[in-house]
Every structure is written in C-alpha cells, then in structure tokens.
Amino acid sequence: MGVSYRSAVELSVRYRVALAPGWVASLAVVAPFLAGVSIPPALQYAPLVVSAVLLGLPHGAVDHLAVARTRGERPDWRAIARVFALYGVVGGAYAVTWFLAPAAAFVLFIAVTWFHWGQGDLYALRALADADHLRSLPQRIGTVLVRGGLPMLVPLLAFPEWYRRVATDLVSLFAPDAVAAIGWAFRADVRTALALAYGALVVATLAVGFARADARRLWLLDAGETLGLLAYFALVPPVLAIGVYFCLWHSLRHVARLLLVDDDATAALQNRDPSAALARFARDAAPLTAASLALLGGLYFLVPNPPGSVPEWVALYLVFIAVVTLPHVVVVSIMDREQGVWA
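The sequence shown begins at 1497 in our numbering and counts up one residue at a time.
(1) So the candidates are A1623, H1750, A1764 and G1638; which of them puts its Cα closest to the Cα of A1696?
(2) Residues in the same chain with beta-carbon distance under 7 angstroms from P1647, minus the five sequence neighbours each way, listed in chain order, please.
(3) Using a Cβ-Cβ cutoff of less than 7 angstroms, which residues in the same chain neighbour S1668 once the five nearest sequence positions on both sides are dropped?
(4) Quick one: Cα of T1785 to Cα of V1820, how far?
(5) Please work out which residues of its chain come closer than 7 angstroms, Cβ to Cβ, to A1787, disregarding the five sequence neighbours upstream and downstream, and give them in chain order.
(6) Given a cut-off of 9 angstroms on the beta-carbon distance, is the pair L1736 and L1755 in contact?
(7) Within the continuous alpha helix (DSSP H) that includes H1746, where are the two ends?
(8) DSSP three-state label for Y1769, please.
(9) By how many angstroms is the C-alpha of R1712 removed from the C-alpha of R1778?
(10) Do P1733 and I1535 have their C-beta atoms closer together than 9 angstroms?
(11) Are the CB atoms of D1617 and G1644 within a distance shorter than 9 angstroms?
(12) Which of the three DSSP states, helix, strand or coil, is assigned to L1798?
(13) For my contact list, L1630 and V1826 are in at a C-beta cut-off of 8 angstroms; report their separation, rounded to the angstrom.
(14) If I'm right that L1714 touches A1627 with Cβ under 8 angstroms, what's the distance once you round it to whole angstroms?
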C-alpha cells in the first residue's frame, strides 16, 4: 500500500539519520576552506563525477515506480509506461531546446533545479523533520524559494567567475557564441539586486516561521540548515559545493522518501535493517541508471562541440541531468500532491 504522509512522519522519527550525512558532509567540506586550504580545481569536479553512479543520477532512476507506490499501488506496466512517456515527451522537448536555444535552456535548468531542490527540502522539513511552523502556502513557497536559492543563487553571488565558467562550458557544447546572451546575470548591479531581494526573503521566511512555531527546536533545525547552507555555498567553490550537496543532501533525502513509499523497504526499516532497504533501492535504480549512462554516451555524439576536458565532460553530464530533471520534477510534484506536502 505504500506509506502515507502521516505514517512517513511517524516512521521518520527513527530514521532521521537520513538527514545527518548532508550536515556532516557540509561541515567536512567547509573546514578546509576556513583553514585556508585550497583544493585543486580538477579534484573539485570529483563529487559530480561520482554522482553519476552514487545517489545523484540513481535517485531519479526509480521514478517509474515512485508514483504508483506513493498512491499505495503496485506499479504495473501502464503506470510505468506513463512515466516513460512523460520522460520521452517532456525530456525530449527539453533536449531539443538545448540544441536550438542553449542559453535559454541553461536559464531554464537553473530555474527548474532551484524549484526542485527547494521542493526536496520542503518535503524533508515536513515529513522527515515534522516541522510544524510551515503552516501556510505562502510560507511553503517562500521556503522552496529560499532553500532552492542556496545552491542555485548563492554561488552566483559568491563566485561569479566560477559560475560563468560552468555556464560557458554547458552552453558552448552547442553554441559558444550564445554565452553572451546570459552575460547580464553576472553584472555587479544585477547580483547586488538579487542579493538584497534574496536576503530579505530569507529573513522574512524565517521570521514568520519563528512567529508560528509551536516547537522552537524544529524551527531552529530549519534556520540552522538554512544559515549553515548559506555559509557553505558562500565559502566553498560551486562545482565542489554542488557536487557534495547533490549526492549527500538532495539525493539522499529523496532516497529516504522513496524507501518510505516502498512496502518492502519500509518493512526492512521497521525490522531495523536499513541495508536491506537500501539494497532494494539500488536494485530498483540500477536498470535505468545504466540506461541513463548509455544515453549520456549517445549525447556525446550528438552535441556540435563534443567535450575533451574534464570540465567539458562534466558539462555534458549536467546537460543530461538537466534534461531528465524536468520530467523528474513532474513526478516529484505528483508525489507532493499525493502526500499533501503543500496542503
């Protein structure tokens, strides 16, 4: 039958350990930079490379089963076919957009990821942490904008040249001249305006949450994560910061969500056997992870300017991630609706 939203809250009291790796990883990555230690740029790409097989790409490779399980149903071929069709139509249309208008496709990638990563943290706050202060729809929208802006906006404000370099690598796979179309985002006046607006949103969202919180401890969790991630993304170069966050924060929390809608994985958790639950997830994710890697290889032969260096290969991987993220957001939004995350 799957696990209802309220049941997930009860179960997660025991399994909040799903939240801990992200906190630990963030502290571990920030520490060297606070101490003045530099990490070679080539090594900073390592977490994103690893994410292709560890949590990052696999966390979306169970979408074909997730919707039915969230509805308390056993996935049948019709349910699976609907998700495959979603990926083919929506993902395919977005892939074409990269070839026709790569600068616009890059901006859409940032916007969609901003929403999706905020969406993931909203679920974690409500279900895994049972936060009671996010009571109204405007608060939840504000939380999504704040949380998604931490990995998507703060690096632009703190490391504009790094951000420009990554944007250039992605867009140049299709049309190097198109990079000029997004140059406005890196102007000092634009970044200053964004920083002021985003800072006001962070303060307002946390202040309203504080005023409405019955359990101050849960508000402190929200505020602590928000301010901690703000410092994390302001101090750690974007490629490294986002690679670690993608694997050990966003993806791991989504995997925890998937376990809670899978009857067999939930039974393993109830029997205090998390390794069996994670093994079941790995089994479910393996076929489409392998298929995704094959499609990524095919994309190499389609882009007008194939990658040659590590940053360019990572850029190709990020384009592929962008293409599959859009239909993945649709799937997660259906899960949100079924579980009452926004209700």
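Just so it is clear, CB atoms sit at the ideal spot from N, CA and C, and this is done for glycine as well.
According to the structure shown:
(1) G1638
(2) The answer, listed in chain order, is W1613, F1729, I1738 and Y1741.
(3) V1675 and N1801
(4) Their backbone Cα atoms lie some 12 angstroms apart in a straight line.
(5) Cβ-Cβ distances below 7 angstroms link A1787 to nothing in the same chain once the five nearest sequence neighbours on each side are left out.
(6) no
(7) Unbroken run through H1746: none, as it is neither H nor E.
(8) Sequence check: residue 1769 is Asp here, not Tyr. The answer is coil: DSSP assigns D1769 none of H, G, I, E or B.
(9) Sequence inspection shows Ala at residue 1778; the Arg mentioned does not correspond to that position. Computed Cα separation, rounded: 37 angstroms.
(10) yes
(11) yes
(12) helix
(13) About 23 angstroms separates the Cβ atoms of L1630 and V1826, ruling out a contact at the 8 angstroms cut-off.
(14) 4 angstroms
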